[in-house]
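Following the working numbering, the residues of the sequence shown are numbered contiguously, the last one being 261. By construction, the Cβ of each residue, glycine as well, lies at the ideal position given by its N, Cα and C atoms.
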Amino acid sequence: GDVGGALRLRGRGRAGGHGRDRPAHGGARLMPILQAEPFPLDLDLPALGLVVIDMQRDFMEAGGFGASLGNDVSLLRAIIPATARLIEGFRAAGLPVIHTRECHRPDLSDLPPAKRNRGNPSLRIGDEGPMGRILIAGEPGADIIPELYPLEGETVIDKPGKGAFHATAFGDVLKEKGLRQLVFAGVTTEVCVQTTMREANDRGYECILAVDATESYFPAFKQAAIEMIRAQGAIVGWTATTDQLREAIGV
Numbered sequence: 011g012d013v014g015g016a017l018r019l020r021g022r023g024r025a026g027g028h029g030r031d032r033p034a035h036g037g038a039r040l041m042p043i044l045q046a047e048p049f050p051l052d053l054d055l056p057a058l059g060l061v062v063i064d065m066q067r068d069f070m071e072a073g074g075f076g077a078s079l080g081n082d083v084s085l086l087r088a089i090i091p092a093t094a095r096l097i098e099g100f101r102a103a104g105l106p107v108i109h110t111r112e113c114h115r116p117d118l119s120d121l122p123p124a125k126r127n128r129g130n131p132s133l134r135i136g137d138e139g140p141m142g143r144i145l146i147a148g149e150p151g152a153d154i155i156p157e158l159y160p161l162e163g164e165t166v167i168d169k170p171g172k173g174a175f176h177a178t179a180f181g182d183v184l185k186e187k188g189l190r191q192l193v194f195a196g197v198t199t200e201v202c203v204q205t206t207m208r209e210a211n212d213r214g215y216e217c218i219l220a221v222d223a224t225e226s227y228f229p230a231f232k233q234a235a236i237e238m239i240r241a242q243g244a245i246v247g248w249t250a251t252t253d254q255l256r257e258a259i260g261v
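(1) Using a Cβ-Cβ cut-off of 6 Å (strictly less than) and excluding sequence neighbours within five positions of Leu96, which residues of its own chain qualify?
(2) Taking just the CA atoms, how far does Thr249 sit from Leu53?
(3) In its own chain, which residues sit with a C-beta less than 7 Å from the C-beta of Gly171, not counting the 5 before and 5 after it?
(4) Apart from the five residues just before and just after Arg190, which ones in its own chain have a Cβ nearer than 7 Å to its Cβ?
(5) Is the separation between the beta-carbon of Ile167 and that of Ala152 shorter than 8 Å?
(6) Rounded to the nearest angstrom, what separates Ser119 and Gln254 at their Cα positions?
(7) With distances taken Cα to Cα, identify the nearest neighbour of Phe75 among Arg213, Pro229, Arg126, Lys185.
(8) Using the DSSP secondary-structure output, state which residues sit across from Gln66 in a beta bridge.
(9) Need the endpoints of the alpha helix (DSSP H) that Phe100 sits in, please.
(10) How would you write the range of the beta strand (DSSP E) that Phe194 sits in, first residue to last?
(11) Would you identify the three-state DSSP class for Arg126, choosing helix, strand or coil?
(12) Enumerate in chain order the residues of its own chain whose CB-to-CB distance from Gly243 is below 7 Å, with the five nearest sequence positions on each side excluded.
(13) Would you say Val183 and Ile259 are within 8 Å of each other, going by their C-beta atoms?
(14) Can you tell me whether Glu200 is buried or exposed, with buried defined as 16 or more other CB within 10 angstroms of its CB?
(15) From which residue to which residue does the alpha helix (DSSP H) around Ala241 run?
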């Protein structure tokens with residue numbers, strides 16, 4: 011059978027399949043095989059990118075919005091080392107890394123009242139918190155944690171919704187970079203990560219979730235999201251570990 015990091019000579023047709031080779035033809039090139047679930051996936055490295063969703067201080071640190079909702083942020087912080095290894099691997103392979111931040115304009119003009127008023131948090135979006143105004147663009151809490159901070163030149167998408175496509179240039183950025191396969195990491199698995207994966211899947215992207223580089227405040231929700239994503243023959247996408255992804259991209 012296939013082994014991690016193996017190469018297959020493939021044409022320019024759609025990557026994927028259940029481990030069956032296609033005949034080589036014009037434009038054929040070697041494509042690494044990712045040992046993913048529910049079945050291996052051929053990676054088209056020139057069209058592969060990493061999307062790191064919302065690894066922000068407001069979600070990951072004490073005093074932020076996540077903690078104000080009563081959540082244990084240590085669950086999310088536990089994935090920092092794996093996420094850092096995944097980002098480093100993509101950088102070492104010369105593959106693009108895109109970061110997102112969920113945040114709103116200071117005047118709250120892009121924040122629907124239904125979103126701000128929902129639930130009973132101790133701090134609401136726009137309120138002053140220990141790290142500035144909660145989830146407001148330009149405030150310290152809305153920025154990405156230092157351990158995973160973007161390098162100069164890496165794309166950062168500020169998004170007002172759960173999904174990265176809504177009211178942003180994310181879709182245009184993916185097209186400009188020529189990406190067709192996307193690896194996803196970040197938080198939370200069942201909300202912003204899964205929302206963006208589903209939106210990307212509908213737009214024709216092949217999506218892979220890095221299971222040890224994503225997390226939820228509710229572990230059962232993370233597991234349910236993983237199972238939903240890869241059900242019915244990868245109905246939303248594939249899942250793999252950071253080690254499997256690094257091996258497949260050759261780092």
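Let me lay it out:
(1) In the sequence shown, the residue the question calls residue 96 occupies position 86. So the qualifying residues of the chain are Ala195, Ala220, Ala223, Thr252.
(2) Position 43 of the sequence shown, counted from the first residue, corresponds to residue 53. Position 239 of the sequence shown, counted from the first residue, corresponds to residue 249. Those two C-alpha atoms are separated by around 13 Å.
(3) The sequence position of residue 171 within the sequence shown is 161, counting from 1. These residues qualify, in order along the chain: Ala177.
(4) As a position in the sequence shown, residue 190 is number 180, starting the count at 1. Cβ neighbours of Arg190 beyond the five flanking positions: Asp54, Ala57, Tyr215, Glu216.
(5) Here residue 167 is taken as the residue at index 157 of the sequence shown, counted from 1. Here residue 152 is taken as the residue at index 142 of the sequence shown, counted from 1. No; because the gap between Cβ atoms is not below 8 Å, this pair is not in contact.
(6) For the purposes of this step, residue 119 is taken as the residue at position 109 of the sequence shown. For the purposes of this step, residue 254 is taken as the residue at position 244 of the sequence shown. About 42 Å.
(7) Numbered from its first residue, the sequence shown carries residue 75 at position 65. Considering only alpha carbons, the answer is Arg126.
(8) Counted from its first residue, the sequence shown places residue 66 at position 56. In DSSP, Gln66 forms a bridge with Ile154.
(9) Residue 100 sits at position 90 when you count from the first residue of the sequence shown. Per DSSP, the unbroken alpha helix (DSSP H) holding Phe100 starts and ends at 90-102.
(10) The residue given as residue 194 occupies position 184 in the sequence shown. Where Phe194 is concerned, the enclosing beta strand (DSSP E) stretches over 191-197.
(11) Counting from 1 along the sequence shown, the entry for residue 126 is found at position 116. Helix, per DSSP.
(12) In the sequence shown, counting from the first residue as 1, residue 243 sits at position 233. Excluding positions up to five away in sequence, the list reads Pro48.
(13) The residue given as residue 183 occupies position 173 in the sequence shown. The residue given as residue 259 occupies position 249 in the sequence shown. The answer is no: Cβ separation not under 8 Å.
(14) Looking up residue 200 in the sequence shown gives position 190. Buried is the call here.
(15) Counting from one through the sequence shown, the residue named residue 241 turns up at place 231. Where Ala241 is concerned, the enclosing alpha helix (DSSP H) stretches over 229-244.
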